[in-house]
Amino acid sequence: MAIDFDELLGRFNRMVEDTVEGVRRLAAEEFVGSAAEGRVRAVVTGGRNLVSIDFAPRSTREIDNYTLGEAVVEAVNAAEEQADERRRELLREHQPAGFDMDKFLRDPASFVPNIPTAFGSGGQR
16 MAIDFDELLG RFNRMVEDTV EGVRRLAAEE FVGSAAEGRV RAVVTGGRNL
66 VSIDFAPRST REIDNYTLGE AVVEAVNAAE EQADERRREL LREHQPAGFD
116 MDKFLRDPAS FVPNIPTAFG SGGQR
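Using my numbering, the final residue of the sequence shown is 140, and nothing's skipped along the way.
Here is the structure:
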């Protein structure tokens, strides 16, 4: 059976376009994290931009500054974790079967481990 490279390339291009569109939508999506029993709330975008930090009434008077600072960090981290999880879901939806997009984004070189040996030392044949 011959491989139809035009069809394969078309499918790949559609996959890339769908992924790019999903990433665009994700960048505009907002994710909320909270801490200190809900008294500190952080909102970040899918692009990991901080949108806002909100404090419940009286929380700045009831919580000491150090603890309040820790709660802000915790709320932002929780919101970013939600954004990261949504990104992972999006990438899983748009990746070919058996391909680990998260691993590829963390370490692209791991997908081509034989490059140095394939080309000999110095990358030349």
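Backbone N, C-alpha and C define an ideal beta-carbon position, used for all residues, glycine too.
query                                                                                                    : result
Proximal residues to Met30 (C-beta, below 7 angstroms), its chain only, five neighbours per side dropped : His109
CB-CB length for Val38 against Ala94, believed under 8 angstroms                                         : The Cβ separation is near 18 angstroms, so there is no contact.
Contact under 9 angstroms by Cβ, Ile68 with Ala57                                                        : yes
Nearest residue (CA-CA) to Arg63, options Gly53, Asn80, Arg73 and Glu96                                  : Glu96
Backbone CA spacing between Asn28 and Leu105 [nearest angstrom]                                          : 17 angstroms
Pair within 9 angstroms by beta-carbon distance, Gly61 and Arg107                                        : no
Separation of Gly53 from Val47, as counted between CA atoms                                              : 11 angstroms
DSSP three-state assignment for Gly62, whether helix, strand or coil                                     : coil
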